[in-house]
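Novice: Got a structure for you, written out below as structure tokens; questions coming shortly.
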Amino acid sequence: MAYATRTFWSQAEALDFMMERQKNNNSDEILYLFSFESQPEGKRRYQVADIDIFIHEYYQLPANQRHTYEIIVDKKPSKLYFDLEYDIVANPNIDGPRLTTNFIQFVLNFMRKRSDDLDYSIKDVLVLDSTSPKKFSRHLIFQTKDPFLDNIAVGKFVNLILEDIHGCLINHQCPGVINSSLSRVQQNQSYADSTVFSKNLLNSLEPHLSRFEHCDCIDDYSQLKFKDMIEFMVNKSDGTGIIWFCDMGVYTKNRAFRLLRSSKFDKQECFTIAPENQWKPILRRCRSKTSEPNDAERQTFMASLVYFNKPIRRFIDVDDENPTAIQSINSRMQRPNHSSPSYMTDDMRKMSLDYPELINYMSNIARDKKDDGNGIRISRLYKAKEIQNDFRWEISFLYVGDYKYCEKIKRHHKANNIYFVVDMRKGTYRQKCHDTDCKTFQGVEQTLPQHVTPWLMLLDDDWENQNPQSLQKTS
Ligand SMILES: [Zn+2]
Ligand SMILES: [Zn+2]
Ligand SMILES: [Zn+2]
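What the sequence shown shows, in the working numbering, is residues 23 to 497, in sequence order.
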């Protein structure tokens, strides 16, 4: 089917053609959209191609003609992918391959914590390298069984990862950590624009980075040193501050993502397999050894593509754990006429200053012995949301990890996390659950130890202050 491949001058035309073709699809062709910078002056063109035909042609091109990009088409199932990069001169002390491996380890751990379905190893991650003398550059493409709904969902997921990094660093306390002044955490909890959200996280983290100079602690969950996690933020090339090691600009609609074996039009470096890569093609006995590319090369190339073209069982969920919309302070200000003033925050650092005993207690509550008596199940407090108005004053504590004990089912959930809600006026807490079956469930109300709720004791002191003795003292 020679006409399965067609080239266009505009992306819109190419997308139309692709859509039309898929509508009338009567063959088993798998269409991809590529863009390439064409000779002589590098003008962009767009090619809709059946993947088999494309690969065959692509592997015959000489290196100086391979400037091809996969277009990550809008609303198509997507793999988890990252574009990692930093300026080498601005970051002289970073060991790039080590940083890449640490980053992968953190992501894998985050996935495992999130769901039993997301249990993968570094062998499931294809790592590509396109480092130049000026810029360290890696692409990661995760070979998960399930895809994301589209690459916008991938961007949301990556933001959850960055939020987790943020939480790990900001909540760590140890003698080595020098206390720095309180910073304002992001107020606008919107994932709508993944670059804005990740930037807010950065702004909130920046003042804390110097705290870790004398900290040698290891994060229980990722098994990474906090000191190494700090490197997930790198110096900008122009020296004007820091930026995430993973480029958050790559999760936009119809994003172009440079292919394995391709270089930029004006550059030499093409993507190759990185030295620290551990993903391997499956060895198979092949019919013909002379075919170009060979089977292993073909598998590798397919693994490097972001579009998920296999049968879909389900999509990886990226919704935030707590679906109840707790609004930020910003949204309160947008509604000045609201009759009942309501205070809301999810600034964990502020809360640990306001209620240190409570935060400490709740940090250690989600753990128990494993059923077989060996080891412990443990979940880490990663987020707390406080709400205070005339009707209620509550803090919801959200966790990730393998402690998911739900009082409703009287055992640990397999995938969904549980959370606790503290009633700040009563000094009690209840277990709640993110599982859809337990949505309305509330656990037995339990009383917090007195030393955990000193603000309630303060109330008692106030009562005492009413008596004449103390009045005398103050007068
Ligand atoms: Zn420490
Ligand atoms: Zn980039
Ligand atoms: Zn439950």
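All C-beta atoms in this analysis are idealised placements derived from N, C-alpha and C, irrespective of residue type, glycine included. Nothing here was measured: the structure is a model prediction, and the numbers come from that model.
Around ligand 1, which residues pass a check of Cβ closer than 6 Å to any of its heavy atoms?
Specialist: His194, Cys196, Gly198, Val199, Cys237, Cys239 and Phe248
Novice: Using 8 Å as the threshold, is the C-beta distance between Phe463 and Lys430 below it?
Specialist: Reading the sequence shown from its first residue, position 441 is the one you call residue 463. Reading the sequence shown from its first residue, position 408 is the one you call residue 430. Result yes, Cβ atoms of Phe463 and Lys430 sit closer than 8 Å.
Novice: Using only the alpha-carbon positions, how far apart do Lys221 and Asn46 sit?
Specialist: The residue given as residue 221 occupies position 199 in the sequence shown. The residue given as residue 46 occupies position 24 in the sequence shown. When rounded, the distance between both Cα atoms is 43 Å.
Novice: So who's on the other strand from Asp109, going by DSSP bridges?
Specialist: In the sequence shown, residue 109 corresponds to position 87, counting from 1. Per DSSP, Lys157.
Novice: Under the rule that 16 or more other beta-carbon atoms within 10 Å means buried, what is Asp394, buried or exposed?
Specialist: For the purposes of this step, residue 394 is taken as residue 372 along the sequence shown, with counting starting at 1. Exposure of Asp394 is indicated by the presence of fewer than 16 other C-beta atoms within 10 angstroms of its C-beta.
Novice: Name the DSSP bridge partner or partners of Leu518?
Specialist: Outside the shown range of the chain, which is 23 to 497, sits residue 518, and nothing can be said about it.
Novice: Quick check for students: name the residue ranges of the beta strand (DSSP E) that lie wholly in the segment 141–186, counting only runs of 3 or more.
Specialist: 147–151 and 157–164
Novice: Just checking His188 against ligand 4 - is the residue's beta carbon closer than 7 Å to any of the ligand's heavy atoms?
Specialist: Ligand 4 is absent from the structure shown, which contains only ligand 1, ligand 2 and ligand 3.
Novice: Can you tell me the Cα-Cα spacing of Arg28 and Thr322, whole angstroms?
Specialist: Taking the first residue of the sequence shown as 1, we reach residue 28 at position 6. Taking the first residue of the sequence shown as 1, we reach residue 322 at position 300. Distance between the alpha carbons of Arg28 and Thr322: 24 Å.
Novice: When the Cα atoms are used, what is the spatial distance from Phe128 to Leu246?
Specialist: The count along the sequence shown starts at 1 and reaches residue 128 at position 106. The count along the sequence shown starts at 1 and reaches residue 246 at position 224. Going from the Cα of Phe128 to the Cα of Leu246 covers about 8 Å.
Novice: Excluding five sequence neighbours on each side, which residues of the same chain lie with their C-beta closer than 8 Å to the C-beta of Val95?
Specialist: In the sequence shown, the residue the question calls residue 95 occupies position 73. Here the set comprises Leu37, Met40, Leu55, Asn276 and Tyr329.
Novice: Thinking C-alpha only, which one of Tyr404, Asp339 and Ile265 is nearest Asn382?
Specialist: If you number the sequence shown from 1, residue 382 lands on position 360. Selected option, being the one with the closest Cα: Tyr404.
Novice: Can you tell me which residues form a DSSP beta bridge with Asp38?
Specialist: Counting from one through the sequence shown, the residue named residue 38 turns up at place 16. For Asp38, which the question treats as bridged, DSSP gives no partner whatsoever.
Novice: Once the 5 residues before and after Gly118 are set aside, which same chain residues still bring their CB inside 6 Å of it?
Specialist: Position 96 of the sequence shown, counted from the start, is the residue given in the question as residue 118. Cβ within range, chain order: Phe158.
Novice: Give the single residue among Thr458, Met270 and Met324 whose Cα lies nearest to the Cα of Asn181.
Specialist: Along the sequence shown, one-based indexing puts residue 181 at 159. With distances taken between Cα atoms, Asn181 lies closest to Met270.
Novice: Short of 6 Å in beta carbon distance, which residues of its chain neighbour Ser203, apart from the five on each side in sequence? Order them along the chain.
Specialist: The sequence position of residue 203 within the sequence shown is 181, counting from 1. With a pLDDT of 44 at Ser203, under the threshold of 50, the modelled position of this residue cannot be trusted, and the question is left open.
Novice: Pick out the complete beta strand (DSSP E) segments inside the segment 61–135, 3 residues or longer, and give them in chain order.
Specialist: 65–72, 90–94 and 103–109
Novice: With respect to 7 Å, is the separation between the Cβ of His473 and the closest non-hydrogen atom of ligand 3 below this value?
Specialist: Position 451 of the sequence shown, counting from 1, holds the residue named residue 473. No, the Cβ of His473 stays beyond 7 Å of every heavy atom of ligand 3.
Novice: Under the criterion of a Cβ to heavy atom distance below 7 Å, does His434 qualify as lining ligand 3?
Specialist: Here residue 434 is taken as the residue at index 412 of the sequence shown, counted from 1. Result no, Cβ not under 7 Å from ligand 3.
Novice: With DSSP run on the structure shown, which of helix, strand or coil describes Leu327?
Specialist: Here the question's residue 327 lines up with position 305 in the sequence shown. Residue state, collapsed to three classes: coil.
Novice: Can you find a heavy atom of ligand 3 that lies under 7 Å from the Cβ of Lys430?
Specialist: By one-based count along the sequence shown, residue 430 stands at place 408. Flag set: Cβ of Lys430 near ligand 3.
Novice: Counting only the same chain and skipping the five closest in sequence on each side, list residues whose C-beta sits under 6 Å from that of Leu184.
Specialist: For the purposes of this step, residue 184 is taken as the residue at position 162 of the sequence shown. Answer for Leu184: Ser220 and Leu223, listed in chain order.
Novice: Is it buried or exposed, Lys289, if we count other Cβ atoms within 10 angstroms and call 16 or more buried?
Specialist: On the sequence shown, position 267 is the one that residue 289 refers to. That one is exposed.
Novice: Considering only C-alpha positions, which residue in the set Gln33, Lys97, Arg134 and Ser32 is nearest to Ser401?
Specialist: The sequence position of residue 401 within the sequence shown is 379, counting from 1. Distances from the alpha-carbon of Ser401 to those of Gln33, Lys97, Arg134 and Ser32 put Arg134 closest.
Novice: Give the DSSP bridge partners of Met255, in chain order.
Specialist: Residue mapping note: residue 255 aligns to position 233 of the sequence shown, counting from 1. Met255 is bridged to Trp266.
Novice: Would the C-beta of Phe463 count as close to ligand 3, meaning under 7 Å from any of its heavy atoms?
Specialist: Walking along the sequence shown from the start, residue 463 turns up at place 441. Answer for Phe463: yes, Cβ within range of ligand 3.
Novice: How about Asp138: is its Cβ closer than 7 Å to a heavy atom in ligand 3?
Specialist: As a position in the sequence shown, residue 138 is number 116, starting the count at 1. No - ligand 3 has no heavy atom lying nearer than 7 Å to the Cβ of Asp138.
Novice: Under the rule that 16 or more other beta-carbon atoms within 10 Å means buried, what is Trp266, buried or exposed?
Specialist: Taking the first residue of the sequence shown as position 1, residue 266 is located at position 244. Trp266 should be labelled buried.
Novice: Just mark Arg88 as buried or exposed, buried being the case when its beta carbon has 16 or more other beta carbons within 10 Å.
Specialist: Taking the sequence shown and counting its residues from 1, one reaches residue 88 at position 66. Under this definition Arg88 is a buried residue.
Novice: According to DSSP, which residues form a beta bridge with Tyr54?
Specialist: Taking the first residue of the sequence shown as position 1, residue 54 is located at position 32. The partner list for Tyr54 (beta bridge, DSSP) reads Ala71.
Novice: Please classify Ala34: is it buried, with 16 or more other beta-carbons within 10 angstroms of its beta-carbon, or exposed?
Specialist: Numbered from its first residue, the sequence shown carries residue 34 at position 12. Exposed, because fewer than 16 other Cβ atoms sit within 10 Å of the Cβ of Ala34.
Novice: Count the other CB atoms, across all protein chains shown, that sit within 10 Å of the CB of Glu92; report buried if there are 16 or more and exposed otherwise.
Specialist: Locating residue 92 in the sequence shown gives position 70, counting from the first residue. Glu92 is buried by the Cβ-count criterion.
Novice: Across which residues does DSSP place Cys292 in a beta bridge pair?
Specialist: Taking the first residue of the sequence shown as position 1, residue 292 is located at position 270. Ser285.
Novice: Check each candidate in Asn438, Met446, Arg447 and Thr469 and name the one with the smallest Cα separation from Lys454.
Specialist: Your numbering for residue 454 matches position 432 in the sequence shown. Residue Asn438 is the option with its Cα nearest to Lys454.
Novice: Could you give the C-beta distance for Cys292 and Ser152, rounded to a whole number, given that I count them as a contact under 8 Å?
Specialist: Taking the first residue of the sequence shown as position 1, residue 292 is located at position 270. Taking the first residue of the sequence shown as position 1, residue 152 is located at position 130. Distance from Cys292 to Ser152 at the Cβ level is roughly 7 Å; contact confirmed, criterion being Cβ atoms closer than 8 Å.
Novice: Measure the alpha-carbon distance for Leu231 versus Gln195 and round it to whole angstroms.
Specialist: Mapped onto the sequence shown, residue 231 falls at position 209. Mapped onto the sequence shown, residue 195 falls at position 173. Distance between the alpha carbons of Leu231 and Gln195 is about 13 Å.
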